[in-house]
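Okay, so here's the structure we're looking at.
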Amino acid sequence: MTDTATAPSTTTAPATGTVDAGLLILRIGVAAALLHAGLIKATDFPMTVQFMTDAGWRAPGFAAFMVTATETLAGIGLLLGVLTPLAGCAGLGAMLCAWAVNVSAATVWSDPFNVPFLIGLGAAALLFTGAGAYSVDARVLTRIAWSARVRVALLVLSFVAAVLTWIALYGVNPFHFSAP
Numbered sequence: 008m009t010d011t012a013t014a015p016s017t018t019t020a021p022a023t024g025t026v027d028a029g030l031l032i033l034r035i036g037v038a039a040a041l042l043h044a045g046l047i048k049a050t051d052f053p054m055t056v057q058f059m060t061d062a063g064w065r066a067p068g069f070a071a072f073m074v075t076a077t078e079t080l081a082g083i084g085l086l087l088g089v090l091t092p093l094a095g096c097a098g099l100g101a102m103l104c105a106w107a108v109n110v111s112a113a114t115v116w117s118d119p120f121n122v123p124f125l126i127g128l129g130a131a132a133l134l135f136t137g138a139g140a141y142s143v144d145a146r147v148l149t150r151i152a153w154s155a156r157v158r159v160a161l162l163v164l165s166f167v168a169a170v171l172t173w174i175a176l177y178g179v180n181p182f183h184f185s186a187p
């Protein structure tokens, strides 16, 4: 007769190393996508400004600089795991604007789960989970503590920054329930 109180559990939490490996894979994927987006804009900056001009953005040079810098710096921060919640916040804010650009071209439900949506989702996850053990945060910046309250504030900040950027620099409602 087996005592159920002392029987070994058949379900266990994943080992810390596997969680850290998963966070590293997530960071590399999100960082690569953000870096790719930022570096494409940086390598042909006049094209980026022209795109913003053609799309009707106000201050297209400023808008192009901001998106290029944000995507590139957030990508580097996530790749290295440096100030990961802050980098995740920046990446999420940039991807919310990119998502709005994509959904504003058609009805909002025609393609709501596009690439910027997924990159932003990954950035938001990293904002809350942190970088894991294989990061600069874990090796060098161990004294910085990101409370749950700060992480939620960063999440809110990313949405506020995206909405304010959209309103100030583009000014068009991105959500259409019929074809524009």
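Counting the sequence shown from 1 gives a position; the working numbering is that position plus 7.
Cβ coordinates follow ideal geometry from the N, Cα and C atoms, glycine included.
Item	Value
Nearest neighbour of Met102, chosen from Gly63, Gly82, Ala62 and Arg158 [CA to CA]	Gly82
Straight-line gap, Gly100 to Thr23 (C-alpha atoms, nearest Å)	29 Å
Counted within 10 angstroms of its Cβ, other Cβ atoms place Gly63 as buried (16 or more) or exposed	exposed
Neighbour-count burial assignment, Leu133, 16 or more Cβ in a 10 Å radius	buried
Ser165 (DSSP reduced to helix, strand or coil)	helix
Alpha helix (DSSP H) segment containing Thr149, residue limits	Element bounds for Thr149: n/a, residue is neither H nor E.
Residues near Pro92 by beta carbon distance below 8 Å, same chain, minus five either side	Leu133, Leu134, Phe135, Gly137, Trp153, Val157, Arg158 and Leu161
Nearest residue (CA-CA) to Pro123, options Leu31, Thr25, Leu42 and Leu86	Leu42
Check: Ala160 C-beta below 7 Å from any heavy atom of the ligand COA	The model depicted lacks the ligand COA and carries no ligand whatsoever.
Secondary structure, alpha helix (DSSP H): runs of 4+ residues fully inside the region 64-152	67-87, 91-111, 122-136 and 143-146
8 Å CB neighbourhood of Thr60 in its chain, flanking five on each side removed	Pro67
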